[in-house]
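Engineer: Before I ask anything, let me first share the structure, which is written out below as structure tokens.
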Amino acid sequence: MEEEYRKKELEIKKKKVLEELKNNKFEFKELQQNITNPLQDILAFNESVDKMIKTIQSTYKTNYEVMQQSAQRALKQITDNSQIFKEFNAHIKVMMDSIDWEAIDARIAKKIKGIDNLLQELEKDFWCLDMEILDALEGEEITDEKILEYINQNLESYVEVITKDPIYELHETLIKETYEAYKGGLYKLCVMPLFAAFEHVLATWSDGKIKTDLVSVRQKPIRYRVASIKPEEYDGIEQELFIKVFSLSVIRMLGKTFVGVPKELCQELNRNSIAHGFHDYDSITKKDILKLFQLLKSTLVLRYFNAKDVELKNMAES
-9 MEEEYRKKEL
1 EIKKKKVLEE
11 LKNNKFEFKE
21 LQQNITNPLQ
31 DILAFNESVD
41 KMIKTIQSTY
51 KTNYEVMQQS
61 AQRALKQITD
71 NSQIFKEFNA
81 HIKVMMDSID
91 WEAIDARIAK
101 KIKGIDNLLQ
111 ELEKDFWCLD
121 MEILDALEGE
131 EITDEKILEY
141 INQNLESYVE
151 VITKDPIYEL
161 HETLIKETYE
171 AYKGGLYKLC
181 VMPLFAAFEH
191 VLATWSDGKI
201 KTDLVSVRQK
211 PIRYRVASIK
221 PEEYDGIEQE
231 LFIKVFSLSV
241 IRMLGKTFVG
251 VPKELCQELN
261 RNSIAHGFHD
271 YDSITKKDIL
281 KLFQLLKSTL
291 VLRYFNAKDV
301 ELKNMAES
């Protein structure tokens, strides 16, 4: 009796479950779709990820090839520059040797030779001095301390003189902002802006666009690479010898700072190692930046040392 009762109970429950399943079949279909759709979404997502990865890989490969080509070109440029700059000192020595010292007053000749020797000695430590600072320190022993003291005291006026000169027209705000970075102690940030200004001015000057009566720095120089500057071309320029001596010091500094990247981390003012990332940046000091500000100021003398006249003279003679 009891077993029969249990069978009936079980049968009733079974019918009830079947009835509920029958009545709720729409909900089961929806549940089934809800289970199926996420799987489809996951598959679609995986497919999108695969496509994205392939795109990234393709883009990376293209960019890597472009970067590799750029690096090779840059390395070749550095090598070319290095080869040219190796000849700089020899060419400049020829220029100085070509001066007819006997035709010059003995006292003036002695002074000019003394200045040239002093400038070359200071260049070994990356100092490029101009007439103003030499006049200010005349009669004193010229030491690092004296030079640094003078530039420190006059740096604000340096920046004013530099930025007001037409040859730095393109770089006025760049130099002023660099000066603000300098005052904030951000010496590493100062190096490349100052080198950039120096490089453009030298390239523009070598292209004949910087003269006493005309300055045109808003055109891209035809010979944009500073490596195109060959000091031997300027041998025939008839300029005052003082101008020549100070101008050659600037050109020598170009040859000293735009050199190849060394195998070991560089701690000197090497434009290429700094620009191309292989440099001991922690070695850059306040003193280095003062040297570059002084270099920009000394470069102003090139307005009176006309590069284009040489080319015209050479053309007339050929």
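Read the sequence shown against this note's numbering and you will find it ends at 308, with the numbers running on by one and no gaps. Glycine included, every Cβ here is placed at the ideal spot set by N, Cα and C.
(1) From the DSSP output, read off the bridge partner residues of Cys256.
(2) Is the stretch 136 to 146 in contact with the stretch 273 to 291, if contact means three or more CB pairs nearer than 8 Å?
(3) Restricting to Cα atoms, I'd like to know which of Lys(-2), Glu(-1), Val291, Lys5 is closest to Val151.
(4) DSSP on Thr133, reduced to helix/strand/coil?
(5) Measuring only the C-alpha atoms, how far is Asn260 from Val251?
(6) Using a Cβ distance threshold of 8 Å, determine whether the stretch 260 to 273 contacts the stretch 112 to 128, with at least three qualifying pairs required.
(7) Near Leu109, what residues of its chain come up, given a Cβ to Cβ distance below 6 Å and the 5 sequence neighbours on each side ignored?
(8) Starting from Ile241, trace the alpha helix (DSSP H) both ways and give me its first and last residue.
(9) Pick out whichever of Tyr169, Lys166, Leu244 has its Cα sitting closest to the Cα of His190.
(10) So Ser288 and Leu112 are in contact, right, with Cβ under 8 Å, and what is the actual spacing, rounded?
(11) Could you tell me if Arg97 is buried or exposed, where buried requires 16 or more neighbouring beta carbons within 10 angstroms of its beta carbon?
(12) Near Ile274, what residues of its chain come up, given a Cβ to Cβ distance below 7 Å and the 5 sequence neighbours on each side ignored?
(13) Considering just the uninterrupted stretch of the alpha helix (DSSP H) at Pro183, what are its terminal residues?
(14) Which value, in whole angstroms, describes the spacing of the CA atoms of Glu258 and Lys41?
(15) Would Ile165 pass as a contact of Thr153 if the rule is Cβ separation under 8 Å?
(16) What number of angstroms, rounded off, separates the C-alpha of Ile102 from the C-alpha of Ser237?
(17) Measuring only the C-alpha atoms, how far is Leu145 from Tyr172?
(18) Can you tell which of Lys276, Phe295, Ala265 has its C-alpha closest to the C-alpha of Ala186?
(19) Output the boundary residues of the alpha helix (DSSP H) element that contains Thr275.
(20) Taking only three categories from DSSP, how would you classify Leu138?
(21) Quick check on the DSSP output: the alpha helix (DSSP H) that includes Glu122 runs from which residue to which?
(22) Tell me the rounded alpha-carbon separation between Leu255 and Lys246.
(23) On the criterion of 16 or more Cβ atoms from any shown chain inside 10 Å, does Ser263 qualify as buried, or is it exposed?
Structural biologist: Concretely, from the data shown:
(1) His269
(2) Below 8 Å, enough C-beta pairs join the stretch 136 to 146 and the stretch 273 to 291 to call them touching: three or more.
(3) For Val151, the closest C-alpha among the options Lys(-2), Glu(-1), Val291, Lys5 is that of Val291.
(4) Three-state result, Thr133: coil.
(5) For Asn260 and Val251, the distance between alpha carbons rounds to 8 Å.
(6) no
(7) Ser239
(8) 231 to 247
(9) Leu244
(10) With a Cβ gap of about 11 Å, Ser288 and Leu112 do not count as contacting.
(11) exposed
(12) Tyr177, Lys178, Val181
(13) 177 to 196
(14) 48 Å
(15) yes
(16) 13 Å
(17) Pairing Leu145 with Tyr172, the inter-Cα distance amounts to about 11 Å.
(18) Ala265
(19) If you look at Thr275, you'll find it isn't in any alpha helix (DSSP H); DSSP assigns it neither H nor E.
(20) The answer is helix: DSSP assigns Leu138 an H, G or I state.
(21) 121 to 126
(22) 17 Å
(23) buried
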